[in-house]
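Engineer:
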Amino acid sequence: MSSARELGSPRALGPVPEKPAGAVDLPELIRENAKPFRQVLSQARRAAGARRVQLSVFDKAAGQAQEVLAVGSSSRGRRNCKSEAERTGALGEPAAPVPVDDDERTRLVYRRGRPVWAPLGETGAGRDAPAGRQRGRPRPRHVYVTPVKGTGSVLGALTFHFDVAELDGLRQALCDAFARQAGLLAEEVLLAETAARWAQLLDEARLSVRLLHRLHQFSQDMAVLQDMDEVLVRTLRCVQQAFGVDRAAVFLVDQEQGTVQGKWAITSRGEIVLFAAAFPLETHLLGQIALGRLPHYCVHGSAAGVAGEEGVGEGGMHGGQEPLWLEMPDDDGIFSLRVAVDAAVPMRAGDRPVGVLAVEGFGGPPQLAKRLLG
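What the sequence shown shows, in our numbering, is residues 17 to 390, in sequence order.
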């Protein structure tokens, strides 16, 4: 590998935290907010007179740097492109991560936060021109790699490609200034993403408190009930009021007949109605949920039968199978067996399967439904 000449004085850097589970994906955030980053790279390229500028992101835990955005092109690519859009349009594709400790230059930049100026070889008309048209001297090709820093850590680097042998002080200062600008922009998108995540968690926490308060009241009411039908009816009312669902229904397991049977439902108007439906316990989706063979939370896409989180096929709760029997009131507000529901969870008494509670039109965050309904 080519040796690197270190530029600039070292700066004191704070410890870079390890990437925790569920951490913000900075490369993905940059791609999602690519426009302002591209503007910074384009301005940096023009101001410094660089042939190409690329932004890489550092993953300290993995010890890798990954190019996420770039503007400019090689001399050959520049000749073959007709416009600036052509030169920059295809350069934002993710590149393969590069281990930073395998090369002295990358180690200096990413581990120690210091810029480097390094030769990459020579290029020019004498070497790149087609046969029979060679002229001119080969030009030296160098890169200036300067770290992009956040608060006390190296987030990545800007790499400037030059066709010059030496980097003057003005160009170096410009490159470093644009690296600082890129660092501020990266910090901004990280802060916005973190704030959005905290806001979501806060909303879920507030909703959890309200729901848990209602569920506590519900459990106290249920403690004095003796009749199973009354328990099921109270359950439907609680689910609709606490979770804000439009419709819900309970299905009970009949082990002797090998079926799961619908009995009670609550309409979108809050009315409790009786219905009769039966599906095979061993083969139908409801039976699989009741027996614990499918995860206890099944999200479906829509009435169009889009497969959801657990990969359940088309046909909604109907599952593509006709019921063994079905008697439903003629009511538009009642639970439908022919559309995809939002959630279905098993009801159990100890280790014994009792049935399934299914809801449609859940108004809260799916993660919260999974946690509370489960």
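Ideal Cβ placement from N, Cα and C applies to all residues, glycine included.
Which first and last residues belong to the beta strand (DSSP E) in which Val307 is found?
Structural biologist: The residue you call residue 307 lines up with position 291 of the sequence shown. In the sequence as displayed, the identity of residue 307 is Leu instead of Val. Careful: Leu307 lies outside any beta strand (DSSP E) and carries neither H nor E.
Engineer: Rounded to a whole number of angstroms, what is the C-alpha to C-alpha distance between Phe74 and Leu310?
Structural biologist: Along the sequence shown, read from residue 1 onward, the residue named residue 74 stands at position 58. Along the sequence shown, read from residue 1 onward, the residue named residue 310 stands at position 294. Cα-Cα distance, rounded: 40 Å.
Engineer: Have a look at the DSSP bridge pairing and note the partners of Glu376.
Structural biologist: The residue given as residue 376 occupies position 360 in the sequence shown. For Glu376, which the question treats as bridged, DSSP gives the partners Arg263.
Engineer: Write down the C-beta distance between Cys191 and Leu174 rounded to the nearest angstrom, noting that I regard them as a contact closer than 8 Å.
Structural biologist: As a working note, residue 191 is residue 175 in the sequence shown. As a working note, residue 174 is residue 158 in the sequence shown. Contact flag correct, Cβ pair sits at about 7 Å.
Engineer: Within its chain, find whatever has a CB closer than 7 Å to the CB of Gln304; leave out the 5 residues flanking it on each side and keep chain order.
Structural biologist: Indexing the sequence shown from 1 puts residue 304 at position 288. So the list reads Leu310, once near-sequence residues are dropped.
Engineer: Using C-beta distances below 7 Å, list every residue in its chain close to Thr275, excluding the 5 sequence neighbours before and after it, in chain order.
Structural biologist: Counted from its first residue, the sequence shown places residue 275 at position 259. Counting only Cβ-Cβ distances below 7 Å, and skipping sequence neighbours, we find Ala294, Phe295, Pro296, Leu297, Leu340.
Engineer: Using the beta-carbon count (16 or more within 10 Å), is Val12 buried or exposed?
Structural biologist: This structure cannot speak to residue 12, because the chain is shown only from 17 to 390.
Engineer: Using the Cα positions of Gln82 and Lys76, report the straight-line distance between them to the nearest angstrom.
Structural biologist: As a working mapping, residue 82 is identified with position 66 in the sequence shown. As a working mapping, residue 76 is identified with position 60 in the sequence shown. Computed Cα separation, rounded: 11 Å.
Engineer: So what does DSSP say about His229, is it helix, strand or coil?
Structural biologist: Start at 1 with the first residue of the sequence shown, and residue 229 comes out as number 213. Helix.
Engineer: Measure the Cβ-Cβ separation of Pro115 and Gln70 and say whether it is below 8 Å.
Structural biologist: Locating residue 115 in the sequence shown gives position 99, counting from the first residue. Locating residue 70 in the sequence shown gives position 54, counting from the first residue. Result no, Cβ atoms of Pro115 and Gln70 do not sit closer than 8 Å.
Engineer: How is Arg68 classed by DSSP in three states: helix, strand or coil?
Structural biologist: Here residue 68 refers to the residue found at position 52 of the sequence shown. In the structure shown, Arg68 sits in a strand (DSSP, three-state: E or B).
Engineer: The beta strand (DSSP E) with Glu298 in it runs from where to where?
Structural biologist: If you number the sequence shown from 1, residue 298 lands on position 282. It is not in any beta strand (DSSP E) - Glu298 carries neither H nor E in the DSSP assignment.
Engineer: Taking 8 Å as the cut-off, decide whether the C-beta atoms of Ala202 and Val56 are in contact.
Structural biologist: On the sequence shown, position 186 is the one that residue 202 refers to. On the sequence shown, position 40 is the one that residue 56 refers to. No, the Cβ-Cβ distance between Ala202 and Val56 is not below 8 Å.
Engineer: Using a Cβ-Cβ distance cut-off of 8 Å, determine whether Val269 contacts chain B.
Structural biologist: The structure shown contains no chain B; it is built from a single protein chain.
Engineer: How long is the line joining the alpha carbons of Pro131 and Asp117, rounded to whole angstroms?
Structural biologist: As a position in the sequence shown, residue 131 is number 115, starting the count at 1. As a position in the sequence shown, residue 117 is number 101, starting the count at 1. Their Cα atoms are separated by approximately 15 Å.
Engineer: Between His177 and Val164, how many whole angstroms is the CB-CB distance? I'm expecting something under 8 Å.
Structural biologist: Numbered from 1 along the sequence shown, position 161 holds the residue referred to as residue 177. Numbered from 1 along the sequence shown, position 148 holds the residue referred to as residue 164. Rounded, the Cβ-Cβ distance is 16 Å, inconsistent with contact.
Engineer: Counting C-beta neighbours from all protein chains within 10 Å, is the total for Arg149 16 or more, i.e. buried, or is it exposed?
Structural biologist: In the sequence shown, the residue the question calls residue 149 occupies position 133. With a pLDDT of 47 at Arg149, under the threshold of 50, the modelled position of that residue is not reliable, and the figure given next carries that caveat. So Arg149 ends up on the exposed side.
Engineer: Assign Thr275 to one of three DSSP states: helix, strand, or coil.
Structural biologist: To locate residue 275, count along the sequence shown from 1; it is residue 259. Reduced to three states, the DSSP call for Thr275 is strand.
Engineer: Helix, strand or coil: how does DSSP classify Leu186 here?
Structural biologist: Counting from 1 along the sequence shown, the entry for residue 186 is found at position 170. Of the three classes helix, strand and coil, the one that applies to Leu186 here is helix, per DSSP.
Engineer: Name the residue from Asp119, Thr167, Ala211 whose alpha carbon lies nearest to the alpha carbon of Val40.
Structural biologist: By 1-based counting over the sequence shown, the position of residue 40 is 24. Ranking Asp119, Thr167, Ala211 by Cα distance to Val40 puts Ala211 first.
Engineer: Suppose you measure from the CA of Val261 to the CA of Gly308; what does that come to, to the nearest Å?
Structural biologist: On the sequence shown, position 245 is the one that residue 261 refers to. On the sequence shown, position 292 is the one that residue 308 refers to. Separation of Val261 and Gly308 (C-alpha to C-alpha, rounded to the nearest whole angstrom) is 23 Å.
Engineer: Among Tyr126, Glu182, Ala306, whose alpha-carbon lies nearest the alpha-carbon of Asp367?
Structural biologist: For the purposes of this step, residue 367 is identified with residue 351 of the sequence shown, where counting begins at 1. Closest by alpha carbon: Ala306.
Engineer: Mapping DSSP to helix, strand and coil, what is Ala134?
Structural biologist: Residue numbering aside, residue 134 sits at position 118 when the sequence shown is read from its first letter. DSSP places Ala134 in strand when its eight states are reduced to three.
Engineer: What residues are listed by DSSP as bridge partners for Val161?
Structural biologist: Here residue 161 refers to the residue found at position 145 of the sequence shown. According to DSSP, Val161 bridges with Val132, Thr175.
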